[in-house]
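So the protein lines, in turn, are chains A and B. For what it's worth, the numbering used here labels the leading residue of the first sequence as 1, then goes sequentially. For what it's worth, the numbering used here labels the leading residue of the second sequence as 1035, then goes sequentially. Each residue gets a CB set at the ideal place from its N, CA and C atoms; glycine is no exception.
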Amino acid sequence: MENKTYWKGLAELEETPEFVHERDKEFSQELPIEEIFNSNFVQKPRARRDFLKMLGFSVTAATVAASCKIPVRQAIPYVIKPEEIVPGLANYYASTYSDGSDYCSILVKTRDGRPIKIEGNSNSSVTRGGTSARAQASILSLYDKARTAFPKKGDQPVEWTAADTDIKTQLGAIKTKGGNIRILSSTILSPSTKNLIAEFGAYYGNTKHVVFEPMSNAGILSANEKSFGKRTIPGYSFDKAKVIVSFGADFLGTWISPIEFTKQYVSNRKVSKEKATMSRHYQFESHVSLTGSNADKRIAIKPSEQSEAVIALYNMIAGFAGKSGVTGGKVSDKANKSLNKAAEEMWANKGASLVVCGSNDANCQTIVNAINDVLGSYGSTIDFDNSLNFSQGFDKDFSDLVSEMEAGSVDALIIYNSNPVYSFSNGKKFGEAIKKVGLSVSFNDRKDETTSLTTYHLPDHHYLESWNDAEPKAGKYSLSQPAINPIFNTRQAQDSLLKWMDSTIDYNNYLKNNWEKNIYPTQTLFSGFQSFWDDKIRFGVYEKATVTPSATSFSGDVNAAASASAPMSAGMELMVYESVSLGNGKYANNPWLLENPDPITKVVWDNVLMVPVPYAKENNLVDGDMVEVNANGVTMELPIVLQPGMANNTFATSVGLGREKVGRAGDGVGKNVYPFVSMIGDTMSYSNSKVTVKPTGNKYELAITQTHGTFEGRNVIQQTTLSEYQKNPKAGNESIEEYEHNNPITLYPQDIHQYNGLRWGMNIDLNSCIGCGACQVACSTENNVPVVGKDEVRRVHEMHWIRIDRYYSFAGEKERVTQESHSNATGLGNQYDNVKDWEDIEVVHQPMLCQHCENAPCENVCPVAATNHSSEGLNQMTYNRCIGTRYCANNCPYKVRRFNWFDYTTADSFPWNTYDKSQGVAMMIDDLTRMVLNPDVTVRSRGVIEKCSFCVQKLQDAKLNAKKQDRPLMDGEARTACQSACPADAIVFGDVNNKETAVSKTREDERNYYVLADLHVKPSIGYMVKVRNNENMA
Amino acid sequence: MHAESVVRAPLIYGDKNYHQITEDLCRPIEGKPTRLYLITITITACLMSWGLFMIGWTVWFGIGTWGLNRTVDWGWDITNFVWWIGIGHAGTLISAILLLFRQKWRMAINRSAEAMTIFAVICAGLFPIFHMGRVWLIFFNLPYPNSRGPLWPNFNSPLLWDVFAISTYFTVSLLFWYTGLIPDLATVRDRAKKKFSKFAYGVLSFGWTGSAKHWQRHEALSLVLAGISTPLVLSVHTIVSFDFATSVIPGWHTTIFPPYFVAGAIFSGFAMVLTLMLVARKVMNLQEYITLEHIESMNKIIVLTGSIVGSAYITELFVAWYSGNIYEQYAFANRALGPYWWAYWGMMTCNVISPQLFWVRPLRRNVWFTFFMSIIINCGMWFERFVIIVTSIHRDYIPSAWSYYAPTYVEISIFAGTVGLFLTAFMLFAKTMPVIAMAETKHILRISGDTQKKAAAAHSHSHEGSAMSFQVHKP
């Protein structure tokens, strides 16, 4: 074939310049390779392909440059460094948290001169290192802006000297005319203060000290006076009791000395192979208390049935003892059966049983005393030689004071840490009566309901700014020392009294003198007072040896008490109880406590009416309905919560909220239910009969942190009974064998994490945990966990790193019902359709926090590796790497990861964008309140995930200490905040690589199980099977 | 040249020639916008602006403005993301897979389906970006060299795979769409009379002259992009499904997800193409180009993918029961009977039951019914994503943490905003670019045009011999 040339047109054939130009355009431009390698390339015009290179480089450079810049905040060093303060290191001071009937021996952690955390003081034999939620949260009250910052006369500021002069003149005039001076206070634990008040009384004459306790135990005081001639509260030993019967006494939550009782109680609830025994605990109560939720057997009785039940028990015990019974004692069959069982068991354990009763009725308490007497409890589980000084309020004294004031016969009233206008059932009456008092002075820390009616308001120091002492239990003294200079222009109340007595010394010296005179001589160890004093200041406590209890003879009249007891009434009843978190209302402005869920209802930022479920079903009521409660002549609208376990004809609500003048966080939160408290005889009664409840048709959105009540039969909770456990220590934990068998089978590489040194692990004993919530507050304090406020909790945005899950189970055909029905078309709320007996519930509390899984599902889903695994087994969060996709939170099977939905802390880089400035948030972002923040822990900004870190800052601190001393870390040296706070010692923490540590030993225990072990995420937290001693309790 | 059977219905009706096609398809671009058009686009633009404002609101105040909570950390955001990504799938499928299967009927719809893909992916992309707590640190997702160690993203995370999958998908789809547009833009440029139009289309058409070399490169590039796109059809939604499948959450942790998600994506994508095209067809008088045959073909794909999705639902239920896994069993019982039962039954009705009606031919060819069904299917597919995401996590392992989720006005507004964005973008596209690929339609005119087919048939009847020789001469 010959080589022919084809052409499409003459232009192509002739190759005209126009054609050549067009043709060349069709072909790509040659790459300027030679030019690039030429030396003068830089001067050349940029080639097309360089553009992309330039673009790529400049974008990358800009990105790198833009991501590095972080604004620098200046820190100013000390010009003259104070002694003892090393910036960055914490100092601990032993002190005492004592506020009315709240008591805890504590260590105050201060950083750079500001207290930031409360720890328990293990030197105290009363609280033994335990704390309560209130003790933990009390530190926030120090930085409360609602505290009055300077002395006031009426609403006007006044100078201290001017106030002193005026008050002294007036008191002098009263003294001259022989007028009456009254000092009204809450219970005072301080022996020095009591001395001072006595001296003040002697100085002015006609002075009486009245103690008012809103949640009173005057019934016990009065009964003890009648029975034993001693108007005191005895010491109780729950640890020595093998059988405990409590009639509505919430001794783990609020009754008399809860931290002490928790320590005692729990010591006899822990079981092990070596000691496979535990106490037996019957609780006869009307609402579900924290104590009741821990009982082996809860029997729901209505409030008016309580005295009858106590009489019935007396008759049974008396029967065993061959004594004659008393009249009364008619109770329901169900209660009767359990009472019989309890009576038999107590009689069998004579001398090792204990009956306590929460009633404020002296007759009822007299019968309780009689029972304890017959059982030989006095001298063993109860003793008057180591009596308790809590709850000294004698209701009649207070009602007499009100009458005196109304009659105009009180010339001066000095109020110290008491707020009856709020906390007295007829506060209005008290408020009116104050106006008839010539001179009224309040030492309260804020302009509260009562203080705003007094002539003078001379604010007291916060306890962390004060010198003081306390004697919670006979012979057990503890000291308070200031941990910070007074923040405001306040003055300690005791100093004011000293000033008015023309004393030249201040209270610090008064205290020392008192100790030198009265306490120092009782010891022999120290030969000089100063060395004694220094030592006690350092250790926080001074304790005389415990007195061997002597037998006490009972001389009460049981028959009279029984016949004076009111019979059980018909119809619906209402009881008023003290909130575990908030107490009697003093702390209603404390956001940490307001946001600490109620241990049973899990409601925060509100008090509600607990309604028995059958009643609610009958009346078509659901959670959040508003009802009008009418009792004691008072009508009040309250939101309701359907509460399983309530006695079928009882409503209950808690005091502690409904403050009007307490501060930004607490004003108007909840309702004040003190008006439901009535005065019966000489004592206040906390229950009402003839109660009517009427739905108002209004709806209220409750802030509840847990809306599903059962654990759905899942292996989240493992439990067994004591006899099963005695037979087989693996009882309740049988499934572990299956997991141990299956777990090594995996497609993934084994042992990707090497733990060569330490490996942190935790163990939580479900038998010990009582669900009090102290750990939650301690965690928030230690880790700067933000408070989010009521609206945010309603939107399920709470931030707690540790939560306490509360699960119910119900009586079923054979086994207990732990599942709810599927057919829940209403969204939230419990669906216990198949429950027959609403009164019979069992409760389990389970602290839930980051499990620090070895195969953590959160770790592999984070696109930016912001959450990762440490070489010590911690699952750690890198806040500044987190971009907030929240995938980790979705993929967490335990749902313990928390997202910063808003700028809760003002740590955000955007200014002025705090979305919700209401309540707690506004308080917590205040500059003063932010002083409570722990400088060791990053304050998280908006848009990042946070979660439990096992208090990594404390672990690092402990490791560093050990390293400085050139020794290995000892077991128990590194403690998490939740662990230290726990009054029940439910949490064990340490190195699991070392087989000798306490936590390693718990892992070897047959009761140890892992929540959701079948997921093979390998959690670092083991739980101990809950053992209930609940067989044959009728 | 190859011929098509006369039995096969034509794809272009009416007496069309090349010029007529150009006229028909350029008319909407060259005319003045109608009143209806202006009103509609104003509404959609307002919707879009409101959504963008709400995005700004979210960035300023935080994700707390949404209804998400401690238990349900993804809600409408990721539901909408998956939904929009799914919608985008039709474009890729039509461009790539139908191209490889030589389905000529794709010519009428591929342009707008591809455009829809682009806009849907933009809408989809907004959600994972703005659902981040700290969106300003989005570049942490990218593996760029840095001075932090260097610190790389976590290559194990499905979210990171998403970043790559979606950015690739977007880039390839955009290139594919634009490559196809170039000859048509050049046509519009050549017809443009106004100076600005001439300039703008001139720039956009990259100096296309229609020379043989241009066409050769254009074809080659289209083929390469089709090759790249084909695996993308399968991979993108597979990777999106990994967001759930690789987790430990009952109801998410499922190996069936990749095929199930891809089928669902095509299902919803076709529904959205139908929704848009049925409107465009009517408004822009394109009945002769988008024929009942097109609609019927798409409806057939809807029946197929709908049935796959339905089987997947039933398989999931079976596996939940058969596995003996109590969490899985609870998750599925909770879907059907729990607080979100309405979403589950909405999904079942819209996705499983209603598409089966398309087995009936008259319904498949009924424009109004098809339009109605396309809306139903898109609702159903939205429900599906909502059911998977929200009902699975709102009640997972630990009962104490269970909660309920409902969106806030902010989330609803952002979703409405993306619908506004999508429609605005599509309307701008329809007004400025040919909604039907002109050049490609011209390719098939000779074979599938009504007149041409009839002429060919007539020709072959009168000259049977020549028809035979035509066959013989075929290479």
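So what's proline 695 of chain A in DSSP terms, helix, strand or just coil? strand
Beta-carbon proximity list for glutamate 724 of chain A, same chain, < 6 Å, skipping 5 on both sides: Ala731
Answer yes or no: does any C-beta atom of chain B fall closer than 8 Å to that of leucine 1012 of chain A? yes
Proximity winner among A:Ala11, A:Glu15 and A:Val211, relative to aspartate 397 of chain A (alpha-carbon distances): A:Val211
Taking the straight line between their C-alpha atoms, what separation do you get for alanine 1013 of chain A and glycine 88 of chain A? 40 Å
The alpha helix (DSSP H) spanning histidine 1035 of chain A covers which residue range? Not covered by the structure: residue 1035 of chain A. The range shown for chain A is 1 to 1034.
Rounded distance between the beta-carbons of threonine 1113 of chain B and valine 1444 of chain B, thought under 8 Å: 15 Å between Cβ atoms; not a contact.
Taking Cβ-Cβ distances shorter than 9 Å, what residues in chain B pair up with valine 944 of chain A? Gly1167 and Arg1168
Should valine 210 of chain A be counted as a contact of the ligand GDP given a C-beta to heavy atom distance under 7 Å? For the structure depicted, the ligand GDP is absent and the ligand set is empty, with no information on it obtainable.
Look at the Cβ atom of phenylalanine 1301 of chain B, then the Cβ atom of isoleucine 1329 of chain B, and state whether they are nearer than 8 Å. no
Chain-ordered neighbours of isoleucine 1427 of chain B on chain A, where CB pairs are closer than 8 Å: Asn890
Hey, does phenylalanine 902 of chain A have any beta-carbon neighbour from chain B nearer than 8 Å? yes
Taking the alpha carbon of asparagine 630 of chain A as the reference point, which residue from A:Arg111, A:Ser141 and A:Ala652 has its own alpha carbon closest? A:Ala652
How far does the alpha helix (DSSP H) with glutamate 1038 of chain B in it reach, from first residue to last? Premise fails: glutamate 1038 of chain B is in no alpha helix (DSSP H) and is neither H nor E.
Quick check on tryptophan 1211 of chain B - is its C-beta less than 8 Å from some C-beta in chain A? no
Between asparagine 824 of chain A and chain B, is there a C-beta pair that is closer than 8 Å? The predicted position of asparagine 824 of chain A is uncertain, since its pLDDT is 46 and thus under 50; a value taken from the coordinates is nonetheless stated next. Chain B, which has a Cβ nearer than 8 Å to the Cβ of asparagine 824 of chain A, makes this yes.
Give me, in chain order, the residues of the same chain whose beta-carbon lies closer than 6 Å to that of leucine 354 of chain A; leave out the 5 immediate sequence neighbours on both sides. Ala241, Ile244, Ser377 and Thr381
Within 8 Å (strictly less), CB to CB, does leucine 1015 of chain A reach chain B? yes
Distance check for phenylalanine 1417 of chain B and isoleucine 802 of chain A, CA to CA, integer angstroms please. 34 Å
Between threonine 1339 of chain B and aspartate 1111 of chain B, what straight-line distance do the alpha-carbon atoms span, to the nearest angstrom? 25 Å
Under 7 Å Cβ to Cβ from alanine 1043 of chain B, same chain only, skipping five residues before and after it: list those, please. Glu1327
Measure the C-alpha to C-alpha separation of lysine 8 of chain A and glutamate 14 of chain A and round it to an integer number of angstroms. 11 Å
Beta-carbon separation of glycine 235 of chain A and aspartate 383 of chain A under 8 Å? yes
Reduced DSSP category for valine 441 of chain A - H, G, I as helix; E, B as strand; rest coil: strand
In angstroms, rounded to a whole number, what distance separates the CA positions of serine 1129 of chain B and tryptophan 1393 of chain B? 26 Å
Supposed contact pair threonine 1325 of chain B and asparagine 1059 of chain B - C-beta distance, whole angstroms, cut 8 Å: The sequence shown places leucine at residue 1059 of chain B, not asparagine. Not really, about 15 Å apart at Cβ, beyond 8 Å.
For a cutoff of 8 Å on Cβ pairs, would you count asparagine 1190 of chain B as touching chain A? yes
Threonine 683 of chain A lies in the beta strand (DSSP E); which residues open and close that run? 683-685
Which listed residue (A:Asn733, A:Leu702, A:Ala703 and A:Val608) has its alpha carbon closest to that of lysine 671 of chain A: A:Val608
8 Å contact criterion, which asparagine 890 of chain A and isoleucine 1283 of chain B should meet: CB distance rounded: 7 Å
Give the DSSP-derived three-state secondary structure of leucine 1059 of chain B in the structure shown. helix
Since leucine 609 of chain A sits in a beta bridge, which residues does DSSP pair it with? A:Ile640 and A:Thr653
Looking only at its chain, what residues have a beta carbon closer than 6 Å to the beta carbon of asparagine 632 of chain A, apart from the 5 residues adjacent to it on each side? Phe676, Ser678 and Asn688
Could you tell me whether any Cβ in chain A is nearer than 8 Å to the Cβ of lysine 1435 of chain B? It should be pointed out that residue 1435 of chain B corresponds to alanine in this sequence rather than to lysine. Interface residue, yes.
Endpoints, beta strand (DSSP E) assigned at threonine 720 of chain A: 719-721
Strictly below 7 Å CB to CB, what residues from chain A border glycine 1096 of chain B? Trp901, Phe902, Asp903, Tyr915, Arg942 and Gly943
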